[in-house]
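Number of protein chains: 2
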Amino acid sequence: MEKMGKLFRALADETRLRIYLLLLKGELCVCELVDILNMEQSRISHSLRVLREASLVDDRREGKWIIYSVNPEMSRNGIIQGLRDELKLSTQDLKNLDRCKKEKLREKCKKR
Amino acid sequence: MEKMGKLFRALADETRLRIYLLLLKGELCVCELVDILNMEQSRISHSLRVLREASLVDDRREGKWIIYSVNPEMSRNGIIQGLRDELKLSTQDLKNLDRCKKEKLREKCKKR
DNA sequence: CATTTATATGAATATATGTTAATATATTCA
DNA sequence: TGAATATATTAACATATATTCATATAAATG
Numbered sequence: 006m007e008k009m010g011k012l013f014r015a016l017a018d019e020t021r022l023r024i025y026l027l028l029l030k031g032e033l034c035v036c037e038l039v040d041i042l043n044m045e046q047s048r049i050s051h052s053l054r055v056l057r058e059a060s061l062v063d064d065r066r067e068g069k070w071i072i073y074s075v076n077p078e079m080s081r082n083g084i085i086q087g088l089r090d091e092l093k094l095s096t097q098d099l100k101n102l103d104r105c106k107k108e109k110l111r112e113k114c115k116k117r
Numbered sequence: 006m007e008k009m010g011k012l013f014r015a016l017a018d019e020t021r022l023r024i025y026l027l028l029l030k031g032e033l034c035v036c037e038l039v040d041i042l043n044m045e046q047s048r049i050s051h052s053l054r055v056l057r058e059a060s061l062v063d064d065r066r067e068g069k070w071i072i073y074s075v076n077p078e079m080s081r082n083g084i085i086q087g088l089r090d091e092l093k094l095s096t097q098d099l100k101n102l103d104r105c106k107k108e109k110l111r112e113k114c115k116k117r
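Listed below in structure tokens is the structure:
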């Protein structure tokens with residue numbers, strides 16, 4: 006029950022919801038999320054921490070990047086499946102995601 | 006998207022979650038909820054207002070009582086269906102619900 | 001090895017939220 | 001009609017949360 010509260014609280018914020026919907030499309034590093042959402046890095050980091058603490062996302066280090074992905078165990082949860090049916094990424098976020106991927110932002114980060 | 010935020014925020018609180026799970030078993034008036042959950046009446050009223058504003062519950066007046074029930078439209082929402090699969094009423098709340106129903110609390114309210 | 005890059009963390013602050021106590025409103029009933 | 005009952009609302013307060021700014025850590029690179 007309290008775990009559920011944590012889950013709902015984590016999703017009760019537009020920024021975190023957008024991040025989670027983006028990660029459902031595939032894993033992303035922090036700087037990609039910063040680029041796609043056009044938000045401060047610390048804001049993204051804080052949001053990711055809340056998602057992580059609710060067991061919604063996993064992270065792993067890869068070189069100097071930290072890659073975030075949805076926690077597959079949690080995505081089997083009925084509530085999350087419901088969320089996937091009911092909610093989709095905004096067109097704008099999807100567009101930015103595509104652009105970011107095309108630009109291969111991650112490899113070019115330093116050059117910006 | 007913002008409607009979803011409202012939905013998650015409404016469910017991100019243990020009191021409101023318990024109320025909603027109780028209402029999934031059947032409609033209840035405020036004084037029954039006060040009795041079952043053993044909480045202050047104003048706390049229950051405030052909680053119900055948040056649930057109502059998130060379209061999770063409906064209310065109607067019946068004599069001096071106001072009866073709350075789950076909004077059937079919302080309960081068709083995938084997230085709510087997921088919630089029903091993942092979460093169940095605590096044994097204690099169920100026990101209190103049964104006792105309250107057996108006692109026919111609503112008709113006897115005034116005698117307490 | 002000093003600098004740059006990617007990310008996390010901590011402190012400060014403003015805003016939102018949950019709870020309580022007190023009061024208002026509306027209905028019933030004697 | 002006035003008292004009792006059921007519920008909602010308001011104000012006050014404490015706590016939680018989101019955001020920003022500044023700083024810390026850790027890896028890569030020249």
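The listed protein sequences correspond, in order, to chains A and B. The numbering used here puts the first residue of the first sequence at 6, with every later residue one more than the last. The numbering used here puts the first residue of the second sequence at 6, with every later residue one more than the last. Built from N, CA and C at the ideal position, the CB exists for glycine as well. No experiment lies behind these values; they were computed from the predicted model shown.
The beta carbon of S52 of chain B lies closer than 6 angstroms to those of T20, R21, I24 in the same chain, with the five residues before and after it left out. The C-alpha of L61 of chain A is placed about 11 angstroms away from the C-alpha of K8 of chain A.
Taking a contact to require three or more Cβ pairs closer than 8 angstroms, the stretch 87-100 of chain A and the stretch 70-87 of chain B qualify as touching.
Not one beta carbon of chain B lies nearer than 8 angstroms to the beta carbon of Q46 of chain A. Within the same chain, Cβ atoms closer than 8 angstroms to the Cβ of L28 of chain A are found at V62, Y73, S74, V75, the five residues on either side in sequence being excluded. The beta carbon of V35 of chain B is closer than 8 angstroms to those of Q46, I49, S50, L53, W70, I71, Y73 in its chain, skipping five residues each way along the sequence. Scanning chain B for C-beta atoms nearer than 8 angstroms to the C-beta of E91 of chain A yields M9, N82, G83, I84, reported in chain order.
Per DSSP, reduced to three states, the secondary structure at D64 of chain B is strand.
Between the C-alpha atoms of L56 of chain B and F13 of chain B there is a straight-line separation of about 10 angstroms.
Flagged as an interface residue toward chain A: E19 of chain B, by a C-beta distance shorter than 8 angstroms. In terms of Cα proximity to D98 of chain B, the closest of B:P77, B:K30, B:K11 is B:K30. The Cβ atoms of G10 of chain A and A17 of chain B lie closer than 8 angstroms to each other. Distance from L92 of chain A to L42 of chain A at the Cβ level is roughly 16 angstroms; contact not present, criterion being Cβ atoms closer than 8 angstroms. Taking 8 angstroms as the cut-off, the Cβ atoms of R111 of chain A and E58 of chain A do not count as close. Rounded to whole angstroms, the gap between the alpha carbons of T96 of chain A and R66 of chain B is 43 angstroms.
In the DSSP secondary-structure assignment, Y73 of chain A is bridged to A:L33, A:D64. Contact between C105 of chain A and D40 of chain A holds: CB atoms are separated by about 5 angstroms, below the 8 angstroms threshold. Across the stretch 96-110 of chain B, no CB contact with chain A closer than 7 angstroms is found for any residue.
Under the Cβ distance rule, R57 of chain A does not count among the residues neighbouring chain B, no pair being separated by less than 8 angstroms.
For S52 of chain A, the enclosing alpha helix (DSSP H) begins and ends at 46-58. For L16 of chain A, the chain B residues whose Cβ falls inside 7 angstroms of its Cβ are F13, in order along the chain.
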